[in-house]
Structures are given as C-alpha cells and as structure tokens.
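Since the structure comes first, as structure tokens, the remarks are kept for the end.
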Amino acid sequence: HTHTQTHTHKQREESVAMASGVRGSAIVIMGVSGSGKTTVAEKLAKDLGCSFLEADDFHPQANKDKMSNGIPLSDNDRNPWLQALHDATMERMSSGETVVLTCSALQKKYREVLRTADPDYKPGCYSTCWVKFVCLEAPAYVIADRIERRSTQGKHFMPASLLQSQLDLLQIDEEEGIIRVNATEDLHIIIDFIKANLKAKLNCI
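So in our numbering, the last one in the sequence shown is 367, and the numbering has no gaps at all.
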C-alpha cells in the first residue's frame with residue numbers, strides 16, 4: 163500500500179534538503195533596544211558570509227507607530243511579527259543556509275517561537291536546537307544614552323522611555339544556554355567572543 167502525498171515544490175525542496183542532511187542554522191542576536199544588535203549582527207553575518215535579517219523590518223507600521231509614541235507592544239502586537247521572522251528564518255535554514263538575525267526576544271516564550279524554525283526542535287532540548295541565541299548586555303545607563311543619541315539623530319523609532327519596560331520583560335533561563343556578551347566591549351572583541359562560543363555549538367563557523 164503506497165501512501166502518496168502531494169508536496170508543493172517548496173515543501174519538496176525542503177524535505178530533500180532535510181533528507182540529504184543539509185541543515186542551516188540561525189544565530190539570533192538578542193537584547194533590549196539600544197544594546198547594539200544590528201551593528202553586531204551585520205558584522206557577524208559579514209564575517210560568516212551569510213545572510214542577515216533585521217527584525218525591525220518585519221514590524222508593521224502600526225507597531226512602529228506605537229513604539230515611537232512610547233507605547234509598549236502587547237503580545238498581540240508581537241505575535242504576527244515573531245511569526246513572520248520565524249518564517250523567514252525557517253525558509254533560509256531549510257535550504258541549508260546559515261542566517262544571522264536581530265530580535266529583542268526578551269522572553270523565553272518569544273525565543274521558543276524562533277526555535278521552532280528548526281523543524282526537529284523539541285521544547286526544552288536547547289543544546290540540539292540549530293537556532294542559537296546571543297544576548298548583548300550592558301548597564302541601563304549606557305543603553306539609555308545610546309537610545310537617546312540615536313533618537314535625537316532620527317536613526318530609530320524607539321524612545322528611551324521604553325527602555326525600562328524592556329528591561330522588566332527581559333528573562334533568561336540558565337538552562338537555555340544563551341551566550342551572554344558584554345555589549346560595552348569593542349566590536350571586534352564582541353565578535354571574536356561570539357564566534358569562539360558558537361564554534362562548539364554549530365558546525366558553520
């Protein structure tokens with residue numbers, strides 16, 4: 163008895179990629195706004211010769227308007243955004259690519275959405291998941307100063323007034339194995355530290 167399944171072309175490509183052992187990986191540069199995610203992610207992607215996704219590009223205008231006005235996002239605002247980011251990540255991973263992306267990913271439940279871009283991910287099996295997280299950390303006053311400078315230069319829609327709500331949300335479990343980095347270091351030191359820590363976890367570096 164043969165069971166036939168209709169696969170779309172895309173699904174067929176994905177299953178071929180998975181069957182042939184081609185597996186991409188994703189490196190998520192996370193942290194509060196102003197921690198330097200974009201700068202670090204762009205440099206890391208350039209060093210690794212892989213693609214880069216900027217989470218801010220996936221926010222609908224309504225979300226950007228809310229944040230510009232100092233209104234924190236609700237989970238209802240965040241969910242479609244996380245899903246869009248998940249889909250874009252999964253698309254690249256399924257074709258065997260490595261991708262570096264930025265995402266605040268402040269809470270575990272948001273990170274879990276992104277982890278499922280690895281189709282083999284089992285909740286709680288962090289070490290075998292091919293979506294890895296790197297958290298950029300710095301004292302609140304350093305980040306507040308960065309955000310202030312950035313918004314006065316018109317470079318970003320996020321006001322410093324939202325920083326506290328983000329710091330309140332930030333939650334990291336030790337068991338998740340997130341690489342934690344001092345974001346006040348020079349960029350080349352941050353990048354070297356990330357690469358050294360990822361080497362043991364991923365085969366793309």
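Every residue, glycine too, gets a C-beta built ideally from N, C-alpha and C.
Tell me whether residue i sits in a helix, a strand or coil according to DSSP, three-state version.
i      : result
Ile356 : helix
Ser257 : coil
Asn225 : helix
Ala188 : strand
Ser327 : helix
Val275 : helix
Ser213 : strand
Lys284 : coil
Pro234 : coil
Gln333 : coil
Could you tell me the distance, in whole angstroms, from the CA atom of residue i to the CA atom of residue j?
i      : j      : result
Thr164 : Asp330 : Here Thr164 scores only 43 on pLDDT, less than 50, and its place in the model should not be relied on; the value that follows carries that caveat. For Thr164 and Asp330, the distance between alpha carbons rounds to 54 Å.
Asn238 : Ile353 : 34 Å
Gly232 : Ser197 : 18 Å
Val343 : Ala358 : 12 Å
Glu259 : Leu244 : 20 Å
Leu268 : Leu364 : 23 Å
Ala362 : Asp227 : 41 Å
Lys284 : Ser187 : 16 Å
Thr170 : Arg254 : Low confidence applies to Thr170: its pLDDT is 42, below 50, so where it sits in the model is not reliable enough to give any reading.
Leu347 : Leu332 : The amino acid at residue 347 is misidentified as Leu; the sequence shows Glu. Cα to Cα, the separation comes out at about 21 Å.
Gln223 : Ser256 : 29 Å
Gly286 : Glu337 : 9 Å
Leu215 : Lys205 : 12 Å
Ala217 : Thr200 : 9 Å
Leu325 : Ser236 : 15 Å
Asp282 : Ser327 : 33 Å
Lys271 : Met192 : 14 Å
Val304 : Thr251 : 30 Å
Tell me, to the nearest whole angstrom, how far the beta carbon of residue i is from that of residue j; I am working on the premise that it is less than 8 Å.
i      : j      : result
Val190 : Leu263 : 6 Å
Tyr288 : Gly339 : 5 Å
Lys294 : Leu247 : Going by Cβ atoms, the distance from Lys294 to Leu247 rounds to 15 Å, so no, they are not a contact pair.
Ile351 : Cys297 : Ile351 to Cys297, Cβ: 16 Å. No contact.
Ala345 : Glu310 : Not confirmed; about 16 Å, so no contact.
Asp280 : Cys291 : 5 Å
Just list the residues that DSSP pairs residue i with in beta bridges.
i      : result
Glu299 : Asn344
Thr264 : Ile191
Val293 : Ala188
How about the stretch 275-286 and the stretch 249-263: do they share at least three Cβ pairs that are nearer than 8 Å?
yes
Are the stretch 235-249 and the stretch 199-209 touching by the rule of at least three beta carbon pairs closer than 8 Å?
no
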